[in-house]
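Chains as they are written, first to last, in our numbering: chain A, 31 to 223; chain B, 31 to 223.
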DNA sequence: CCGTTTCTTGAATAATCATTCAAGTATTAT
DNA sequence: ATAATACTTGAATGATTATTCAAGAAACGG
């Protein structure tokens, strides 16, 4: 008889950045009420509990990242050109001192590994989904003749994912962008050469 | 007039694994008393507080890892053979389901980024030190003629470090060893080729 | 316009946490 | 042996935490 007053997407996005800022454990309910503008009761009504809010935020993160992926790999340019732009964008993400220096998935994965099975499963599925997306992009590049077929696209995708994980961790110790860009360029070379 | 009754190294090593198990934030003082066998008062007497225990554990970790590094790069074999063994050992570390799936440095780095300046600084210095060690090893390989001098040893070391970071994160989602070994092999190839 | 349903509010609750401290115990120097 | 000195013990403390719930406010159906 009455609709919720808050914008679910906005709430989830602010929860996302709050979780990325401090990590799940150190983000207090008070932090979350401040970040989302929601009162404790509303959060518990809408998402069950803090953990439910994290799961909902992870789902929203997946949606947002998938949309971004589609934008980068629209098929308008050469696949390898699109991939280069995608990597450069990740470097920019790492450089910008915005709260969310890390990706929510890897941040939560590092924190929750072997502690919460359902969260771990959700994250692992999302990451596997992303990796598969990259594998398909690379396979497309191979059928288009942009990329050698000597190495399996799944293998290349795994190596790419590993490199991006590493790049994000590296960024924590090296705020300067130059080095990160150099590493991303090297990674791109090793994939495409 | 009386010496401490506990073995400092043993205490720090058990604290290390406790922190790696649950992360710093979720490791309670109760967990630490259980892990170390020390009572709260003793911990506070010896290390000031929980944070002090972490800093001491990080120092011990650095000592232990440096010793391990020296063991792997003793100069008895070809540098590249030693490097390969070093990487294979990391893969084994990731596979073994022991508590410490991650390295304490990267685990703490992910958790504490931009929250505790001194901890962050300590970790960053340790990681930089490790990277420098690898750079020197690679430079030695170059002077010995085992490795092309086309790429700068510092550059190669950064890429290697990035790869190892990524490998560790990747391990969280892929407990199976086969894939990890394949990735490590590829990383070795990209460095040495 | 009224009654019912649903959402919102925020103070109260209960648990957990890091930390302290005073009493107890062992060791050493004399 | 004894006093002085240090280390150990673990219950008490106070702060912080996630969570609940009863009262209040808003929206809709009739």
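Every residue, glycine too, gets a C-beta built ideally from N, C-alpha and C.
Bear in mind that the values here come from a model prediction, so they are computed numbers and not experimental data.
Would you list, in sequence order, the uninterrupted alpha helix (DSSP H) runs of no fewer than 4 residues that lie entirely inside the region 115-164 of chain A?
For the region 115-164 of chain A, the continuous alpha helix (DSSP H) assignments of 4+ residues that do not extend past its boundaries occur at 134-142, in sequence order.
For residue 178(A), does the count of other Cβ atoms within 10 angstroms reach 16, so buried, or fall short, so exposed?
Exposed, because fewer than 16 other Cβ atoms sit within 10 Å of the Cβ of residue 178(A).
Under 8 Å (Cβ pairs) to chain B, residues found in the region 117-148 of chain A
From the region 117-148 of chain A, only 131, 132, 136, 137, 139, 140, 141, 143, 144, 145 have a Cβ closer than 8 Å to chain B.
Please name the residue, chosen from 52(A), 203(A), 145(A), that lies closest to residue 51(B) on a Cα-to-Cα basis.
For residue 51(B), the closest alpha carbon among the candidates 52(A), 203(A), 145(A) is that of 145(A).
For residue 183(B), the first and last residue of its enclosing alpha helix (DSSP H):
It spans 183-203 - the alpha helix (DSSP H) in which residue 183(B) sits, taken as one unbroken run.
Quick check: the region 162-176 of chain B against the region 102-110 of chain B, are at least 3 beta-carbon pairs closer than 8 Å?
Cβ pair count under 8 Å is three or more, so yes.
Count the other CB atoms, across all protein chains shown, that sit within 10 Å of the CB of residue 186(B); report buried if there are 16 or more and exposed otherwise.
Label assigned to residue 186(B): buried.
I'd like to know whether the C-beta of residue 196(B) is nearer than 8 Å to at least one C-beta of chain A.
Output row for residue 196(B): interface = yes.
Since residue 120(A) and residue 194(A) are thought to touch, with beta carbons under 8 Å apart, how far apart are those beta carbons, to the nearest angstrom?
Yes, residue 120(A) and residue 194(A) are in contact; Cβ-Cβ is about 6 Å, under 8 Å.
Alpha carbons only, please: which of 167(A), 208(A), 200(A) is nearest the one belonging to residue 221(A)?
If you compare the alpha carbons of 167(A), 208(A), 200(A) with that of residue 221(A), the shortest gap goes to 167(A).
Just to confirm, is the Cβ distance from residue 45(B) to residue 63(B) under 8 Å?
The answer is no: Cβ separation not under 8 Å.
Proximity test, Cβ basis, 8 Å: residue 46(A) and chain B
No, no contact with chain B.
Which residue spans inside the region 36-76 of chain A form an unbroken alpha helix (DSSP H) run of at least 4?
Taking only runs of at least 4 residues, the alpha helix (DSSP H) segments lying wholly in the region 36-76 of chain A are 38-52, 59-66.
DSSP three-state assignment for residue 78(A), whether helix, strand or coil:
In the three-state reduction of the DSSP assignment, residue 78(A) falls in the coil class.
Cβ-based burial, residue 161(A) [other Cβ within 10 Å; buried from 16]
Buried, by the Cβ-count rule.
Here's a check: name, in chain order, each residue in its chain whose Cβ is nearer than 7 Å to the Cβ of residue 132(A), leaving out the five neighbours to either side.
For residue 132(A), where only same-chain residues beyond five positions count, the Cβ hits under 7 Å are 50, 198.
When you compare the CB of residue 69(B) with every CB in chain A, is at least one pair closer than 8 Å?
Chain A has no Cβ within less than 8 Å of the Cβ of residue 69(B).
With a threshold of 16 other CB atoms inside 10 Å of the CB of residue 69(A), please say whether the residue is buried or exposed.
Exposed, because fewer than 16 other Cβ atoms sit within 10 Å of the Cβ of residue 69(A).
With DSSP run on the structure shown, which of helix, strand or coil describes residue 93(A)?
Secondary structure at residue 93(A): helix, using DSSP grouped into helix, strand and coil.
Rounded to a whole number of angstroms, what is the C-alpha to C-alpha distance between residue 124(A) and residue 201(A)?
Approximately 6 Å, taken between the alpha carbons.
For residue 168(A), return the contacting residues in chain B, with the cut-off set at a CB-CB distance below 9 Å.
For residue 168(A), no chain B residue has a Cβ inside 9 Å of its Cβ, as the nearest lies near 14 Å away.
Got a sec? Which residues, its chain only, sit under 8 Å from residue 59(B) by beta carbon, not counting five neighbours each side?
Apart from sequence neighbours up to five positions away, the residues of its chain that approach residue 59(B) with a beta-carbon distance below 8 Å are 70, 73, 80, ordered along the chain.
In three-state terms, what does DSSP make of residue 223(A)?
In the structure shown, residue 223(A) sits in coil (DSSP, three-state: anything other than H, G, I, E or B).
Tell me the DSSP secondary structure of residue 103(B) in three-state form.
Three-state DSSP puts residue 103(B) in coil, outside helix and strand.
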